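Asks:
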Amino acid sequence: MRRARTPAPLLVPAALAVAFLVLPLAGLLVRTPWSQLGALLTAPGVGQALRLSLVSATLATLVSVVLGVPLAWVLARSRARGRSVLRALVTVPLVLPPVVGGVALFLVLGRQGIVGSWLDDAFGITIPFTTTAVVIAETFVAMPFLVISVEGALRAADVRYEDAAATLGADRWTTFRRVTLPLVAPGVAAGAVLCWARALGEFGATITFAGNFPGTTQTMPLAVYLALQRDPQAAIVLSLVLLVVSVATLLLLRDRWLGRGAAA
Amino acid sequence: MSVDAHVVVRRGPLTVDVALEVADGEVLAVLGPNGAGKSTLLRVLAGLLAPDGGRVAVDGTPWDDVAARAHLPAHRRPLGMVFQDHLLFPHLSVLENVAFGPRTRGVPRREARAAAAAWLARVGLAEHGPRRPGQLSGGQAQRAALARALVGDPALLLLDEPLSALDARTRLAVRAELRRHLADFAGSTVLVTHDPVDAMALADRVLVVEDGAVVQAGPPADVARHPRTDYVARLVGLSLLPGTAEGTTVRLDGGGAVTVAEPASGPVLVAVRPESVALYPARPEGSPRNAWPATVAGATPHGSTVRCELDGEVPLLADVTATAFAELGLAPGSPVWAVVKASEVAVYAR
Amino acid sequence: MRSGRVLAGLTAVALAASACGGGDDGAAATTPTGGNGGPTGTLTVFAAASLTDVFTTLGDQLEAENDGLTVQFNFAGSSALATQLTQGAPADVFASANGAQMSVVTDAGLADGDPTVFTANVLQIAVPAGNPAGVTGLADFAREELALAVCAPDVPCGAAAEDVFAAAGVTPRPDTQEEDVRAALTKVELGEVDAALVYATDVVAAGDAVEGISVPEAEDAVNDYPLCTLADAPNPDAARAFVDLVLSDEGQQALQDAGFRAP
Numbered sequence: 005m006r007r008a009r010t011p012a013p014l015l016v017p018a019a020l021a022v023a024f025l026v027l028p029l030a031g032l033l034v035r036t037p038w039s040q041l042g043a044l045l046t047a048p049g050v051g052q053a054l055r056l057s058l059v060s061a062t063l064a065t066l067v068s069v070v071l072g073v074p075l076a077w078v079l080a081r082s083r084a085r086g087r088s089v090l091r092a093l094v095t096v097p098l099v100l101p102p103v104v105g106g107v108a109l110f111l112v113l114g115r116q117g118i119v120g121s122w123l124d125d126a127f128g129i130t131i132p133f134t135t136t137a138v139v140i141a142e143t144f145v146a147m148p149f150l151v152i153s154v155e156g157a158l159r160a161a162d163v164r165y166e167d168a169a170a171t172l173g174a175d176r177w178t179t180f181r182r183v184t185l186p187l188v189a190p191g192v193a194a195g196a197v198l199c200w201a202r203a204l205g206e207f208g209a210t211i212t213f214a215g216n217f218p219g220t221t222q223t224m225p226l227a228v229y230l231a232l233q234r235d236p237q238a239a240i241v242l243s244l245v246l247l248v249v250s251v252a253t254l255l256l257l258r259d260r261w262l263g264r265g266a267a268a
Numbered sequence: 025m026s027v028d029a030h031v032v033v034r035r036g037p038l039t040v041d042v043a044l045e046v047a048d049g050e051v052l053a054v055l056g057p058n059g060a061g062k063s064t065l066l067r068v069l070a071g072l073l074a075p076d077g078g079r080v081a082v083d084g085t086p087w088d089d090v091a092a093r094a095h096l097p098a099h100r101r102p103l104g105m106v107f108q109d110h111l112l113f114p115h116l117s118v119l120e121n122v123a124f125g126p127r128t129r130g131v132p133r134r135e136a137r138a139a140a141a142a143w144l145a146r147v148g149l150a151e152h153g154p155r156r157p158g159q160l161s162g163g164q165a166q167r168a169a170l171a172r173a174l175v176g177d178p179a180l181l182l183l184d185e186p187l188s189a190l191d192a193r194t195r196l197a198v199r200a201e202l203r204r205h206l207a208d209f210a211g212s213t214v215l216v217t218h219d220p221v222d223a224m225a226l227a228d229r230v231l232v233v234e235d236g237a238v239v240q241a242g243p244p245a246d247v248a249r250h251p252r253t254d255y256v257a258r259l260v261g262l263s264l265l266p267g268t269a270e271g272t273t274v275r276l277d278g279g280g281a282v283t284v285a286e287p288a289s290g291p292v293l294v295a296v297r298p299e300s301v302a303l304y305p306a307r308p309e310g311s312p313r314n315a316w317p318a319t320v321a322g323a324t325p326h327g328s329t330v331r332c333e334l335d336g337e338v339p340l341l342a343d344v345t346a347t348a349f350a351e352l353g354l355a356p357g358s359p360v361w362a363v364v365k366a367s368e369v370a371v372y373a374r
Numbered sequence: 320m321r322s323g324r325v326l327a328g329l330t331a332v333a334l335a336a337s338a339c340g341g342g343d344d345g346a347a348a349t350t351p352t353g354g355n356g357g358p359t360g361t362l363t364v365f366a367a368a369s370l371t372d373v374f375t376t377l378g379d380q381l382e383a384e385n386d387g388l389t390v391q392f393n394f395a396g397s398s399a400l401a402t403q404l405t406q407g408a409p410a411d412v413f414a415s416a417n418g419a420q421m422s423v424v425t426d427a428g429l430a431d432g433d434p435t436v437f438t439a440n441v442l443q444i445a446v447p448a449g450n451p452a453g454v455t456g457l458a459d460f461a462r463e464e465l466a467l468a469v470c471a472p473d474v475p476c477g478a479a480a481e482d483v484f485a486a487a488g489v490t491p492r493p494d495t496q497e498e499d500v501r502a503a504l505t506k507v508e509l510g511e512v513d514a515a516l517v518y519a520t521d522v523v524a525a526g527d528a529v530e531g532i533s534v535p536e537a538e539d540a541v542n543d544y545p546l547c548t549l550a551d552a553p554n555p556d557a558a559r560a561f562v563d564l565v566l567s568d569e570g571q572q573a574l575q576d577a578g579f580r581a582p
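Residue numbers (the numbering used here), protein chains in the order written: chain A, 5 to 268; chain B, 25 to 374; chain C, 320 to 582.
1) Identify the continuous beta strand (DSSP E) that holds B:VAL296 and give its terminal residues.
2) Go through the region 370–400 of chain C residue by residue and report every complete run of the beta strand (DSSP E) that reaches 3 residues or more, in order.
3) Just tell me which of B:VAL256, B:GLY278, B:ARG100, B:TYR255 has its CA closest to the CA of B:PRO266.
4) Going along the region 142–166 of chain A in order, which residues come within less than 7 Å of chain B, judged by CB to CB distance?
5) Determine which residues of the region 216–234 of chain A have a Cβ less than 9 Å from any Cβ of chain C, and write them out in chain order.
6) Compute the Euclidean distance between the alpha carbons of B:ASP208 and B:PRO157, then round it to the nearest angstrom.
7) A:LEU71 and A:PHE213 - do their beta-carbons sit closer together than 8 Å?
8) Under 7 Å Cβ to Cβ from B:LEU259, same chain only, skipping five residues before and after it: list those, please.
9) Taking Cβ-Cβ distances below 7 Å as the criterion, which residues of the region 510–530 of chain C are in contact with chain D?
10) Could you tell me which residues DSSP puts in a beta bridge with B:VAL232?
11) Whose CA, out of B:LEU52, B:VAL42, B:ASP41, lies closest to the CA of B:PRO424?
12) The alpha helix (DSSP H) spanning A:LEU44 covers which residue range?
13) Mapping the DSSP letters down to three states, classify B:ASN121 as helix, strand or coil.
14) Are the C-beta atoms of A:VAL67 and some chain B residue less than 8 Å apart?
15) Going by the beta-carbon positions, is the gap between A:ALA170 and B:ALA98 smaller than 8 Å?
16) Please classify A:ARG85: does DSSP put it in a helix, a strand, or coil?
17) Decide if A:LEU33 is buried, meaning its Cβ has at least 16 other Cβ atoms within 10 Å, or exposed.
18) With a threshold of 8 Å between beta carbons, is C:THR389 in contact with chain A?
19) Could you check whether the Cβ of A:ALA168 sits closer than 8 Å to any Cβ belonging to chain B?
20) Mind checking which residues open and close the alpha helix (DSSP H) that includes B:SER63?
21) Give the C-beta separation of B:VAL175 and B:PRO126 to the nearest angstrom, bearing in mind that I take them to be a contact with Cβ-Cβ under 8 Å.
22) Flag B:MET224 as yes if its beta-carbon sits less than 8 Å from any beta-carbon of chain A, otherwise no.
23) Where C:GLY340 and C:MET421 are concerned, what is the direct C-alpha to C-alpha distance, given to the nearest angstrom?
24) By Cβ distance, which residues of its chain are closer than 7 Å to C:ARG559, with the 5 residues on each side in sequence left out?
25) What do you get for A:ARG9, buried or exposed, if any count of 16 or more other CB atoms within 10 angstroms of its CB means buried?
26) Which of the three DSSP states, helix, strand or coil, is assigned to C:GLY345?
27) Consider the Cβ of B:HIS99: report whether some Cβ of chain A lies at a distance smaller than 8 Å.
28) Run through DSSP, which three-state label would A:ALA238 get?
29) Less than 8 Å between the CB atoms is what I'm expecting for A:LEU198 and A:LEU150, so what's the real figure, rounded?
30) Quick one: what does DSSP say B:GLY357 is sitting in, helix, strand or coil?
31) Just checking: is the beta-carbon of A:LEU172 within a distance shorter than 8 Å of some beta-carbon in chain B?
32) I need the boundaries of the alpha helix (DSSP H) containing B:PRO86, first residue and last residue.
33) Closer than 8 Å, Cβ to any Cβ of chain A: which residues of the region 477–503 of chain C, in chain order?
34) For B:ALA302, list the residues DSSP reports as bridge partners.
35) Using a Cβ-Cβ cut-off of 8 Å, state whether A:PRO190 counts as contacting chain B.
36) Can you give the Cα-Cα distance for A:GLU142 and A:THR221, rounded to whole angstroms?
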């Protein structure tokens with residue numbers, strides 16, 4: 005199929021945008037100390053940090069899907085008053101500086117926090133400085149991306165399919181499970197990818213709330229930041245690893261999973 | 025199983041206030057222009073919309089009773105509904121779509137799929153079960169939607185403009201098939217449409233709705249012959265003649281024959297709009313095929329036209345301008361010739 | 320106000336540059352001299368971030384004593400400052416939080432003479448007010464049940480901490496290795512860790528929310544702060560005046576008030 009040519013008023017800014025977004029990445033590639041790559045990559049802790057990053061970002065995404073999709077449904081479909089206030093509230097983590105988010109998590113879930121002190125007293129559970137804290141910090145920062153994306157998909161979805169399901173004997177829950185959710189699956193997938201990418205790059209809330217300890221809470225972004233203090237070359241290599249793994253994952257997902265939804 | 029309903033819904037400036045009864049096996053057509061409140065009425069019957077007043081009872085069981093604050097939600101009503109644009113779930117196969125209702129109502133998977141397959145066979149889609157709805161043509165999709173609505177053997181079948189999204193040729197075929205399935209259906213049917221042909225061809229009774237209120241009700245032929253308002257006259261002025269087609273000739277059951285443009289065969293209905301019937305004092309020159317002698321049995325003025333009821337071998341309605349009516353010196357009892365072009369005659373299987 | 324100062328500074332630099340147009344001997348450049356005989360123009364000081372409070376006070380004092388003198392500071396991490404200097408940033412004085420970054424500058428031949436160690440910082444244990452966990456010394460950093468923070472080994476305070484622990488024969492079991500002192504202190508202030516090993520000056524700066532516990536073992540890993548005037552200083556008179564002030568009794572007292580110790 006032939007497409008119309010892109011008009012110049014769009015083409016020029018679009019090209020600028022591409023340059024703006026891609027050039028820093030190109031800079032990273034140009035400055036990568038390729039000769040030391042092997043040594044830096046096999047340095048202790050790199051694999052550990054990468055594994056922790058992937059596991060925690062994936063767990064954060066799962067938590068976000070389990071909690072965020074129902075929230076998106078409430079925002080899109082509930083007729084309750086105060087919905088717009090609720091929407092503004094749950095998207096606050098988008099604008100909150102992540103370090104502030106980390107402090108806020110301390111105030112609630114920390115040892116001295118409102119909920120955290122109770123958890124500590126009642127069950128002897130402390131959350132900060134654990135891998136759980138990493139997942140919580142990442143979820144806090146990344147879930148709004150999923151919620152916004154899924155809410156948009158729900159708003160765009162044809163509610164008459166839900167009517168049709170009701171006339172076929174499906175209650176609201178069955179309708180949600182068997183009709184609504186499959187219909188907005190592409191939106192959920194897109195939201196989950198955004199959420200995962202945001203969680204993978206999360207730094208501020210994580211280093212504040214979960215701290216930094218190799219193997220437990222040191223994710224790749226933290227490793228990159230600390231490497232930058234000591235050895236900028238190592239930091240570039242670590243950034244590259246994170247970049248390659250995330251881009252590869254996204255491409256793989258797009259082909260296997262998003263492809264059909266995106267084409268529909 | 026029968027429906028007894030009085031529905032009141034206020035939607036902005038429009039108040040829908042309609043009472044209706046549908047007997048077992050009966051098809052009621054609710055006919056009216058867009059925005060008349062037809063779909064609102066249907067949504068209330070389906071349970072998708074709670075009425076502001078009135079009562080809906082099916083087979084003696086109250087589904088809605090505003091005074092008693094009773095409302096049976098849609099998913100607990102034993103009904104089937106066909107929507108204008110079929111609304112087959114795009115993520116399920118055609119078979120899964122048809123099996124959806126039985127599954128949600130607790131039928132085991134195997135049985136549900138068997139019932140769905142049987143219904144798909146009944147609507148001529150046996151081969152299409154594994155396909156996605158997106159791979160079906162418009163007519164096939166609407167037939168699948170009909171199968172999906174009927175598979176659970178509902179007490180009430182609701183049809184919301186079931187044919188209006190189809191192109192003219194497909195509409196004829198699907199309408200004929202729908203007619204057949206409605207004849208076999210034991211429950212009550214409410215059909216909402218803005219197309220008088222649908223109403224005439226499919227319904228046992230017609231309810232004409234305008235601005236949320238019923239303006240006329242009765243068997244289709246009666247409503248067409250004796251429209252109570254200009255609006256109804258314009259809407260349902262349609263002569264419907266049963267016959268048997270053979271090529272482009274239809275032998276009418278009441279005698280006489282009509283030449284049509286589209287070849288057909290077997291039992292058919294012939295529809296002639298009153299405005300396409302021309303009246304002459306004598307048989308016109310050039311011997312047109314569709315020319316019949318008749319007698320003016322009645323004449324009712326509607327605005328600038330006069331609707332003439334013609335008795336004869338081929339009973340027709342004819343709309344003529346008031347001027348022509350006067351020039352021809354027509355009056356009840358006047359002999360005339362009625363002429364219709366073959367291309368103006370609609371024919372569809374029954 | 321600030322932009323006005325910067326403008327004045329730029330003008331002074333331009334004047335100095337034009338004045339020495341005849342040769343590249345920096346000493347030959349005529350430095351503007353005020354009515355009271357003290358330095359004038361703009362003095363630019365690059366100093367480690369931990370010196371922010373003390374040096375700002377001393378700079379204000381120097382300005383008050385010398386009409387026509389403007390002191391401007393660039394406070395940042397020592398390594399960032401060293402990098403800026405080797406990349407050609409114009410400055411009169413460089414005060415580093417450690418010898419390593421000073422070496423970067425001296426090795427590049429940018430220093431005017433040998434650096435002077437003007438103060439020192441020593442590690443201290445910071446605990447939340449009231450010391451709820453009853454921390455007494457470095458040995459408590461081996462207790463599994465406490466929530467403990469140290470600096471990451473990649474940053475200077477972490478490197479110093481590793482030395483101290485090694486010297487004391489303590490194997491620390493921290494819950495987190497913080498990216499900087501500030502982050503470690505925040506966690507102490509919030510009560511989320513029972514103790515953190517940070518610099519004495521940071522404990523002082525944190526105020527009442529944090530208490531400091533001295534660490535005798537840290538005496539072996541005292542962190543010396545060297546400073547130097549720079550060979551290409553646009554305003555060498557003012558630079559010398561500032562260094563003198565820092566080394567004077569008055570300057571040393573201000574540093575000790577802030578938790579620094581004598582060199």
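C-beta: ideal position from N, C-alpha, C; glycine also.
This structure is a prediction, so every number in the text was calculated from the model and none was measured.
Replies: From the atom records:
1) Looking at the DSSP string, the run of the beta strand (DSSP E) that includes B:VAL296 is 281–296.
2) If only complete runs of 3 or more residues are kept, the region 370–400 of chain C shows the beta strand (DSSP E) at 388–395, in order along the chain.
3) Ranked by how close their Cα comes to the Cα of B:PRO266, the residues B:VAL256, B:GLY278, B:ARG100, B:TYR255 have B:GLY278 in first place.
4) For the region 142–166 of chain A, the set of residues with a beta-carbon nearer than 7 Å to any beta-carbon of chain B comprises ARG164, TYR165, in chain order.
5) Going along the region 216–234 of chain A in chain order, one finds ASN216, PHE217, PRO218, THR220, THR221, GLN222, LEU226, TYR229, LEU230, ALA231, LEU232, GLN233, ARG234 with a Cβ nearer than 9 Å to chain C.
6) Rounded to whole angstroms, the separation of the alpha carbons of B:PRO157 and B:ASP208 is 26 Å.
7) Taking 8 Å as the Cβ cut-off, A:PHE213 and A:LEU71 do not qualify as a contacting pair.
8) Beyond the five residues adjoining it in sequence on each side, B:LEU259 comes within less than 7 Å, by CB distance, of LEU55, PRO220, VAL232 in the same chain, given in chain order.
9) The structure shown contains no chain D; its protein chains are A, B and C.
10) Within the DSSP secondary-structure output, B:VAL232 pairs in a beta bridge with B:LEU55, B:GLN240.
11) Since the first residue of chain B shown is 25 and the last is 374, residue 424 of chain B is not available in this structure.
12) Where A:LEU44 is concerned, the enclosing alpha helix (DSSP H) starts and stops at 41–45.
13) The answer is helix: DSSP assigns B:ASN121 an H, G or I state.
14) False, the Cβ-Cβ gap to chain B never drops below 8 Å.
15) Closer than 8 Å, so yes.
16) Here A:ARG85 sits in coil by DSSP.
17) Answer is exposed; the Cβ neighbour count stays below 16.
18) No - not a single Cβ of chain A is within 8 Å of the one on C:THR389.
19) Yes - at least one Cβ of chain B is within 8 Å of the one on A:ALA168.
20) Counted as a single uninterrupted DSSP element, the alpha helix (DSSP H) harbouring B:SER63 occupies residues 62–70.
21) About 6 Å separates the two Cβ atoms, so the contact holds.
22) So no, B:MET224 is outside the interface.
23) Confidence is the limiting factor: at C:GLY340 the pLDDT is only 34, short of 50, which leaves the residue's position unreliable and the question unanswerable from this model.
24) Excluding the 5 residues flanking it on each side, C:ARG559 has same chain C-beta neighbours closer than 7 Å at THR548, in chain order.
25) Burial call: exposed.
26) Note on C:GLY345: pLDDT 37, under 50, position unreliable in the model; the coordinate value appears next. Helix at C:GLY345.
27) Closer than 8 Å to some Cβ of chain A, the Cβ of B:HIS99 qualifies, so yes.
28) Here A:ALA238 sits in helix by DSSP.
29) Yes, they are in contact, since the Cβ atoms of A:LEU198 and A:LEU150 sit about 7 Å apart, within 8 Å.
30) Coil.
31) Yes, contact with chain B.
32) B:PRO86: not part of any alpha helix (DSSP H); member of the beta strand (DSSP E) spanning 85–89, first to last residue.
33) Cβ contacts with chain A: PRO493, ASP494, THR495, GLN496, GLU497, GLU498, ALA502.
34) BP columns for B:ALA302 point to B:VAL363.
35) Judged by the 8 Å Cβ criterion, A:PRO190 is not in contact with chain B.
36) Counting only the Cα atoms, A:THR221 lies some 12 Å from A:GLU142.
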